[in-house]
Amino acid sequence: MTGVRKNFALLLVLMALGATASTATTAEPKKVARVGLLWLDSGHRSRIEEFRKGLRDLGYVEGSNIILEYRDAGGKNDRLPDLAAELVRLKVDVILSDGGAAIEALKNTTSKIPIIMPVMSDPVAGRFVANPVHPEGNITGFTNFAPELSGKRLDLLKETVPSITRVAVLWSSSPVQEPAMKELEVSARSLKVQLQPISTQRGSKDLDTALEAVAEARPHALVTLPDPMFLGQRTRIVEYN
10 MTGVRKNFAL LLVLMALGAT ASTATTAEPK KVARVGLLWL DSGHRSRIEE
60 FRKGLRDLGY VEGSNIILEY RDAGGKNDRL PDLAAELVRL KVDVILSDGG
110 AAIEALKNTT SKIPIIMPVM SDPVAGRFVA NPVHPEGNIT GFTNFAPELS
160 GKRLDLLKET VPSITRVAVL WSSSPVQEPA MKELEVSARS LKVQLQPIST
210 QRGSKDLDTA LEAVAEARPH ALVTLPDPMF LGQRTRIVEY N
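Our numbering applies: residue 10 is where the sequence shown begins, and numbers increase by one.
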């Protein structure tokens, strides 16, 4: 989580907590804020620690005036709905999450608790919000949506290594990534490069199988489409290759 995104996520979380606190009466004891965090896997631990540090810098002390309920699905998409339901049962005030599968699980579980995305490639394609400028539901956050960059990355790769003709593409097969894949396909046709798409649609538990498929395909290069899971598992991906 970059400094800008971390600060933005902190701001949104604090705004949500402030809105919750404003509904309490002055006669009630001061409420301890409860924040849920839902991730697909533990590859984002460093980002969570950055978030914790940001909270401490602002005077929020875990166990004193704030409680963080962290859950990760161990790389298994099918665990996300149960974990989302668990956070709702805990009556958290706001939920911070990342990745299309986790956000979808939360969206299907609650329409009332604020859900904040530190970063999302295309929340409209993912059907998380109808209008990114003025989201009307309980989901908001930060987007770095720029699908055309996927094609530009392939252009740069070809310019750097002109001899490549086969490129493997790791992607999650989600609607969120489809615009980026289309841009990649357009660029590949113009560059006369054959793409070899390899899906990890079930999450990081598919990653080893996907990387084995990459090795079997024997591409000249490997690219990944923007995805929090790939970011969290970047060391694993690089070391495998």
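Note that beta-carbon positions come from the ideal geometry of N, C-alpha and C, so glycine has one too. Keep in mind that this is a model prediction, so the values were computed, not measured.
At what residues does the beta strand (DSSP E) containing residue i begin and finish?
i, result
"V103", "103 to 106"
"V185", "Premise fails: V185 is in no beta strand (DSSP E) and is neither H nor E."
"S208", "203 to 208"
"T233", "230 to 233"
"I75", "75 to 81"
Indicate whether residue i and residue j have their beta-carbon atoms separated by less than 9 Å.
i, j, result
"V103", "I76", "no"
"A110", "S159", "no"
"W48", "G146", "no"
"P156", "E113", "no"
"V138", "I122", "no"
"T209", "S181", "yes"
"L92", "P127", "no"
"R80", "E71", "no"
"L216", "G63", "no"
Taking residue i and residue j to be in contact with their CB atoms under 8 Å, please state how far apart those CB atoms are, rounded to whole angstroms.
i, j, result
"L46", "E78", "7 Å"
"V223", "I207", "6 Å"
"T118", "A82", "Between A82 and T118 the Cβ distance is about 14 Å, and since that is not below 8 Å, they are no contact."
"L220", "I246", "7 Å"
"L258", "V202", "In this structure the chain extends from 10 to 250, so residue 258 is not present and cannot be described."
Need the endpoints of the alpha helix (DSSP H) that residue i sits in, please.
i, result
"I122", "It is not in any alpha helix (DSSP H) - I122 carries neither H nor E in the DSSP assignment."
"V247", "243 to 249"
"R136", "Per DSSP, R136 belongs to no alpha helix (DSSP H) and is neither H nor E."
"V44", "Looking at the DSSP string, V44 is not in any alpha helix (DSSP H); the run it does join, the beta strand (DSSP E), is 42 to 48."
"R98", "89 to 98"
"T174", "Taken as a continuous stretch (DSSP letters only), T174 belongs to no alpha helix (DSSP H), as it is neither H nor E."
"D217", "216 to 226"
"G165", "In the sequence under discussion, the amino acid at residue 165 is Leu, which differs from the Gly named in the question. Element bounds for L165: 157 to 169."
Taking the alpha-carbon of residue i as reference, which of the options has the nearest alpha-carbon?
i, options, result
"I173", "D91, D107, L200, V138", "L200"
"E168", "A197, R243, D66, E225", "A197"
"V185", "Q242, R243, R136, D66", "R136"
"G68", "V41, K85, L165, L89", "V41"
"T149", "R243, T244, S120", "S120"
"I57", "Y249, E248, G241", "G241"
"M190", "S73, K161, V170", "K161"
"E187", "V170, A226, F151, P132", "P132"
"F151", "I125, S73, L166, V170", "I125"
Q) Is the region 224 to 238 in contact with the region 162 to 177, if contact means three or more CB pairs nearer than 8 Å? A) yes
Q | the region 48 to 64 / the region 234 to 249 touching (three or more Cβ pairs under 8 Å) | A | yes
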